[in-house]
Amino acid sequence: RPFNLLTIKGPFSLAEIHSWVFQCVPEVPEKPQFIDATVLFFESTFLGTHLECNFQKGEAKFASDNISTISIIREFLTKEATKKKIKIDINVVINDDSINHILKLIDPKLQSHAKLSKEISLLDALHELGVNDTETIKALSTEYQNLLEKDKELRAEFSNQPAYLDRLYGKSTLICLITYINILGITTDLYIDYYKFKGTSVKSKIPKLLTILDNYNYKNLLLFFRPEFETSDSI
1 RPFNLLTIKG
11 PFSLAEIHSW
21 VFQCVPEVPE
31 KPQFIDATVL
41 FFESTFLGTH
51 LECNFQKGEA
61 KFASDNISTI
71 SIIREFLTKE
81 ATKKKIKIDI
91 NVVINDDSIN
101 HILKLIDPKL
111 QSHAKLSKEI
121 SLLDALHELG
131 VNDTETIKAL
141 STEYQNLLEK
151 DKELRAEFSN
161 QPAYLDRLYG
171 KSTLICLITY
181 INILGITTDL
191 YIDYYKFKGT
201 SVKSKIPKLL
211 TILDNYNYKN
221 LLLFFRPEFE
231 TSDSI
């Protein structure tokens, strides 16, 4: 599993760093264990990504396969240290292969939603054509008949997706009424965070990213993130 690393050093106490981590990371115990070092492990129940926190007085280390997780922690701890006027040294080591890893984890969710969206669009088109009576339905292909039989089930699944998609949607996106766009948020955040660590602003490229996602294909998406793979056979 490819990890990205964040190391923070400074004149903060164990209580201070524990308080910052407690506010930033869910499920952290409220009170610190007064031992030499605290080590905490977390796994996302949604994407399956990992986060390891290892901190003590004067030093904290975080490792995650999700670059956006590292970005959120860095921004939060920097803000808290600034509030307390504590000067900290920050070092981040990015593992480029974590991008391939995360996009592979996201891939089934994008594929599933794209398939469901297509099925709902087909159902809407069939109903608009007035395909409702028994005789007309019998004249349809088996595929369309099966689709119509699952109409209520598919629409129920589709209507339940906003909450699911909100968890995919990232920290920098706007509320959108179009369900399909919501699923793209985690990917846009990943793209922005990845290049932010490389010192590049890519917000102007987001429309192109959305176009690629609208015609989703894992290889094309990976090449957009990592164009150096254009001439590689290792994708």
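Note that full-length UniProt numbering numbers the sequence shown so that position 22 is 22, with each residue one more than the last.
Heads up, the beta-carbon is just placed ideally off N, CA and C, and yes, glycines get one too.
Would you mind stating whether Y216 and L122 have Cβ atoms separated by less than 9 Å? no
From the DSSP output, which residues share a beta bridge with D89? K9
Within the same chain, show all residues whose beta-carbon is closer than 8 Å to that of Y194, passing over the 5 residues directly before and after it, in chain order. I67, I94, I99 and F225
Given L222, which residues of its chain have a CB within under 8 Å of its CB, disregarding the five upstream and five downstream residues? I99, N100, L103, F229 and I235
Expected contact under 8 Å - CB spacing of F55 and I17 to nearest Å: 5 Å
Apart from the five residues just before and just after I90, which ones in its own chain have a Cβ nearer than 6 Å to its Cβ? I8
By the three-class DSSP mapping on this structure, what secondary structure does T142 have? helix
Backbone CA spacing between S13 and I120 [nearest angstrom]: 55 Å
For K208, which residues from the same chain have a beta carbon less than 8 Å from its beta carbon, with the 5 sequence-adjacent residues on both sides left out? F224
Does the distance from the C-beta atom of T49 to that of S71 stay below 9 Å? no
Which of helix, strand or coil DSSP assigns to T187: helix
Measure the C-alpha to C-alpha separation of F22 and K196 and round it to an integer number of angstroms. 25 Å
So what does DSSP say about F3, is it helix, strand or coil? coil
With distance defined between alpha-carbon atoms, name the residue in I88, K115, Q145 and G199 nearest to residue 275. Since the first residue shown for the chain is 1 and the last is 235, residue 275 is missing from the structure and cannot be characterised.
Thinking F62 and L47 are a contact (beta carbons under 8 Å), I'd like their distance in whole angstroms, please. Actually they do not touch by this definition, with Cβ atoms about 17 Å apart.
Using only CA atoms, which one of K31, I212 and K198 lies nearest to T188? I212
For Y38, which of helix, strand or coil comes out of DSSP? Sequence inspection shows Thr at residue 38; the Tyr mentioned does not correspond to that position. Looking at T38 - three-state DSSP - the assignment turns out to be strand.
Which same chain residues end up closer than 7 Å to A15 when comparing Cβ atoms and leaving out the 5 residues on each side of it in sequence? P32
Could you compute how far the alpha carbon of N4 sits from the alpha carbon of K118? 36 Å
Where the beta strand (DSSP E) containing E52 begins and where it ends: H50 to Q56
Between V92, E59, D97 and D214, which lies nearest to A81 when the distance is taken from Cα to Cα? E59
Quick one: what does DSSP say E30 is sitting in, helix, strand or coil? coil
Can you check DSSP and say which residues form a bridge with S64? N4 and L51
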